[in-house]
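As given, the protein sequences belong to chains A and B, one line each in that order. Each residue of the first sequence is one higher than the last, beginning at 1 in full-length UniProt numbering. Each residue of the second sequence is one higher than the last, beginning at 1 in full-length UniProt numbering. Yeah, the Cβ is synthetic: ideal placement off N, Cα and C, and Gly gets one too.
Number of protein chains: 2
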Amino acid sequence: MTASFRRRREHDTHDRGDPVTPATPRTQTGTADDTAGIAALLERGRTLAAPLLRSAVARLAPPMDTVAAYHFGWIDAQGRPADGDGGKAVRPALALLSAEAAGAAPETGVPGAVAVELVHNFSLLHDDLMDGDEQRRHRDTVWKVHGPAQAVLVGDALFALAGEVLLELDTAEAARATRRLTLATRRLIDGQAQDISYEHREKVTVAECLEMEGNKTGALLACASSVGAVLGGADDATADALESYGYHLGLAFQAVDDLLGIWGDPAVTGKRTWSDLRQRKKSLPVVAALAGGGPAAGRLGELLAADATKDQAEFEDFSEAEFAARAELIEEAGGREWTSEEARRQHATALAALDGVTGMPDGIRDQFAALADFVVVREG
Amino acid sequence: MTASFRRRREHDTHDRGDPVTPATPRTQTGTADDTAGIAALLERGRTLAAPLLRSAVARLAPPMDTVAAYHFGWIDAQGRPADGDGGKAVRPALALLSAEAAGAAPETGVPGAVAVELVHNFSLLHDDLMDGDEQRRHRDTVWKVHGPAQAVLVGDALFALAGEVLLELDTAEAARATRRLTLATRRLIDGQAQDISYEHREKVTVAECLEMEGNKTGALLACASSVGAVLGGADDATADALESYGYHLGLAFQAVDDLLGIWGDPAVTGKRTWSDLRQRKKSLPVVAALAGGGPAAGRLGELLAADATKDQAEFEDFSEAEFAARAELIEEAGGREWTSEEARRQHATALAALDGVTGMPDGIRDQFAALADFVVVREG
């Protein structure tokens with residue numbers, strides 16, 4: 001068969017291995033201590049989750065165990081041990097912190113951290129295949145190295161493993177956590193379906209774009225931010241409040257990601273200039289600009305309608321000036337400012353949601369806030 | 001991208017829409033009443049499961065709901081209502097019967113029946129894509145009609161829905177059932193991985209073939225045969241005994257399927273003559289023949305080794321006489337007889353496993369036995 005997945009590279013809406021550089025007013029108040037604190041928080045998540053994650057992956061029948069190990073960056077394409085970039089590990093850090101938010105030990109969140117990481121990586125394997133993305137975390141994607149069948153299979157297997165590591169706890173809390181994770185996974189899949197269908201649509205509204213990003217990025221961050229608390233026996237109100245934090249954090253992250261997709265510095269992001277414009281992505285700045293009306297929005301709409309008739313390869317090789325002109329119109333029509341404001345609004349909403357967590361131990365809220373800054377405030 | 005899934009058609013190891021014609025000694029003792037009883041049992045499963053199955057699928061975001069409805073045969077490729085062949089619905093029938101085996105009402109098994117059907121269809125969507133199969137239940141497969149991305153996505157969504165319909169029961173029994181289903185799903189995935197890897201291997205042992213078939217076909221039938229009992233509060237011993245029934249039933253089914261894949265009557269199976277031989281499938285009769293040793297096995301081994309060097313298209317178009325010669329060597333080397341015996345052994349083991357179910361209400365065992373005959377004894 002000749003499977004025709006859509007062609008798209010570099011599109012990475014929900015994972016980023018790039019270094020993060022705090023840069024906006026909020027973190028200008030940050031200190032070296034804050035940075036060390038974040039690094040320790042991420043390191044704790046990574047370290048505590050690693051043994052269960054590795055033993056879960058080791059359960060897979062060959063060659064899926066090897067393919068998964070490659071995906072996670074533990075080995076290279078030739079099977080040699082590697083110390084690959086497995087991503088920032090924000091989700092495990094959030095999962096452990098959420099256990100502490102419910103008064104439990106961070107270790108209580110470990111199966112949740114691992115389950116969320118497994119679902120996250122299941123979605124990466126399948127999305128890279130569907131999107132035709134050839135690179136992930138600066139390495140060839142699984143379907144490029146091991147073929148599309150392995151990308152499908154190993155993705156499926158990681159998804160199944162996620163349920164397994166939670167349900168083998170054999171507690172009512174684990175069942176609740178699995179139910180929430182399953183619902184989040186369905187939203188993740190809905191988001192990918194919407195993302196694909198929007199590519200073929202002429203018009204996408206701001207509300208539709210936000211819904212898609214909420215599904216694709218927000219839902220699983222929401223689950224990561226609450227799963228430890230659920231495993232620690234938190235009530236639904238606490239779990240919902242933590243989910244709300246994670247959901248809005250995801251939307252804030254995504255808004256920043258969409259800004260960087262157009263105006264990010266290639267030296268920092270590792271992407272080409274105007275990356276999202278080259279892919280004709282209907283990201284937030286674009287849809288917000290078009291929704292704003294006015295002469296700039298009108299001119300932008302005409303340009304994009306003409307662009308839509310072009311062949312992708314031809315389009316990607318437009319001159320810098322042509323992309324710059326589109327970016328300028330987006331900015332002139334207010335799309336850049338609206339998206340920046342949206343990132344700030346979502347960031348604030350995320351922090352406000354933490355008020356819904358009653359009896360959170362001292363210091364935990366500050367760590368949630370620090371992680372929120374870390375995720376949202378970055379240049380790449 | 002150009003995804004290169006392996007090319008293979010008609011390979012359908014774990015689903016068959018064909019009519020089933022009881023034909024061996026065992027069902028020659030069957031009566032018109034038996035046949036009516038089976039039909040009623042299957043119809044009950046289909047009818048009781050339908051509302052929850054349809055409402056679960058309706059939760060999917062467009063266009064996944066439509067793609068899934070096409071896959072289940074509820075609509076045609078143009079979206080018009082259809083009364084398609086959704087398969088024999090043996091799994092739902094088993095799930096409801098297993099609830100009764102535990103003394104519960106058949107309705108207790110409905111969420112289990114639906115969850116198992118969802119997992120089964122998730123695997124069909126992904127396997128058809130990986131295998132390059134273009135037809136399923138006499139219709140074009142989803143990836144042919146809606147593209148490979150939808151096959152991946154909708155498969156993922158059905159898998160997630162399976163957990164959802166069980167866990168929303170919010171009971172300890174549902175959590176146990178979900179855990180068992182998750183383990184069965186991983187075995188299903190292991191089986192598909194083994195099936196793919198065996199295609200590229202020169203030698204596959206009988207034990208490996210049985211393990212693959214047990215994973216790919218046995219594990220989910222085992223779950224179908226026990227899930228209703230688990231939801232009905234059965235203890236682990238009862239659930240395990242019912243699982244054992246379903247597992248061995250799956251192996252018996254598969255042995256018969258492998259026989260039909262070589263010697264089945266095209267008029268009944270709807271497949272070409274020597275179907276599995278055309279695909280160079282290392283099915284049970286083949287591996288058993290090779291394992292038997294002797295001159296026929298030796299000649300068969302030489303032929304198959306030479307075949308392995310040929311191009312697939314060229315190979316498929318061998319003359320009837322060339323395939324007939326291979327089939328004859330398989331039979332001469334004892335592969336056909338061994339596989340027939342194996343089907344009988346597995347069928348008997350399945351029925352014997354029912355002895356492990358203590359306190360099974362009157363009449364339920366007979367219905368399990370009748371379903372076993374129905375699944376195993378067939379010509380297509």
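Below-8 Å beta-carbon distance, residue i vs any chain B residue
i	result
residue 381 of chain A	Only positions 1 to 380 of chain A appear in the structure, and residue 381 of chain A is not among them; the question remains open.
R179 of chain A	yes
F315 of chain A	no
V152 of chain A	yes
A234 of chain A	no
P148 of chain A	yes
A175 of chain A	yes
L304 of chain A	no
F318 of chain A	no
E10 of chain A	Low per-residue confidence applies at E10 of chain A: pLDDT is 37, beneath 50, and the placement is therefore not dependable enough to give any value.
As assigned by DSSP and simplified to three states, the class of residue i
i	result
D140 of chain A	strand
P51 of chain A	helix
Q150 of chain A	helix
A106 of chain B	Sequence check: residue 106 of chain B is Pro here, not Ala. Helix, per DSSP.
Q194 of chain B	helix
Q78 of chain A	coil
Q312 of chain A	helix
Q346 of chain B	helix
Q135 of chain A	strand
E337 of chain A	helix
Q279 of chain B	coil
E168 of chain B	coil
P62 of chain A	coil
D34 of chain B	helix
R180 of chain B	helix
D156 of chain B	helix
T29 of chain B	Low per-residue confidence applies at T29 of chain B: pLDDT is 44, beneath 50, and the placement is therefore not dependable enough to give any value.
T185 of chain B	helix
F72 of chain A	coil
D127 of chain B	helix
Residue i at chain A interface by Cβ criterion, 8 Å
i	result
T29 of chain B	Here the model assigns T29 of chain B a pLDDT of 44, short of 50, so the residue's position is not dependable and the matter cannot be decided.
L161 of chain B	yes
D240 of chain B	no
F72 of chain B	no
E331 of chain B	no
A68 of chain B	no
D156 of chain B	yes
L259 of chain B	no
residue 385 of chain B	Residue 385 of chain B lies beyond the range of chain B shown here (1 to 380); nothing can be said about it.
residue 409 of chain B	Lying before the first or after the last residue shown, residue 409 of chain B is absent from chain B, which here runs from 1 to 380.
E168 of chain B	yes
For residue i, the first and last residue of its enclosing alpha helix (DSSP H)
i	result
D240 of chain B	236-263
V204 of chain B	From DSSP, V204 of chain B is part of no alpha helix (DSSP H); its letter is neither H nor E.
A101 of chain B	90-101
R365 of chain A	364-376
V357 of chain A	Unbroken run through V357 of chain A: none, as it is neither H nor E.
residue 405 of chain B	Outside the shown range of chain B, which is 1 to 380, sits residue 405 of chain B, and nothing can be said about it.
D317 of chain B	It is not in any alpha helix (DSSP H) - D317 of chain B carries neither H nor E in the DSSP assignment.
R299 of chain A	294-307
T269 of chain B	266-269
G218 of chain A	First-last for G218 of chain A: undefined, no H or E at that position.
G228 of chain A	227-231
Distance cut-off 7 Å: residue i Cβ against heavy atoms of the ligand MN
i	result
H71 of chain B	This structure does not include the ligand MN; it has no bound ligands of any sort.
*In chain order, what residues of the stretch 47-65 of chain B put their CB closer than 7 Å to some CB of chain A?*
A61, P63, M64
_Stretch pair the stretch 111-118 of chain A + the stretch 152-170 of chain A: three plus CB contacts closer than 8 Å_ = yes
*asked:* With three or more beta-carbon pairs closer than 8 Å as the criterion, would you say the stretch 155-162 of chain A touches the stretch 172-189 of chain B?
replied: yes
*Contact list for the stretch 182-213 of chain A against chain B, Cβ threshold 8 Å*: T182, L183, T185, R186, I189, D190, Q192, A193, Q194, I196, S197
*Chain-ordered residues of the stretch 98-129 of chain A with a beta carbon less than 7 Å from chain B*: H126, L129
*Does the stretch 319-333 of chain A come close enough to the stretch 271-283 of chain A that 3 or more CB-CB pairs lie under 8 Å?*
yes
_chain B contacts made by the stretch 216-230 of chain A, where a contact means CB separation under 7 Å_ = none
_Three Cβ pairs or more, each shorter than 8 Å: is that satisfied between the stretch 232-251 of chain A and the stretch 340-350 of chain A?_
yes
*asked:* So if I threshold CB-CB distances at 8 Å, which residues from the stretch 368-380 of chain B count as touching chain A?
replied: none
*asked:* Does the contact criterion of 3 or more C-beta pairs under 8 Å hold for the stretch 328-336 of chain B versus the stretch 284-298 of chain B?
replied: yes
*asked:* Can you confirm whether the stretch 218-229 of chain B touches the stretch 193-203 of chain B when touching is taken to mean that 3 or more C-beta pairs between the two stretches lie within less than 8 Å?
replied: no
*asked:* Taking contact to mean 3 or more Cβ pairs, one atom from each stretch, closer than 8 Å, check whether the stretch 136-152 of chain B and the stretch 70-90 of chain B are in contact.
replied: yes
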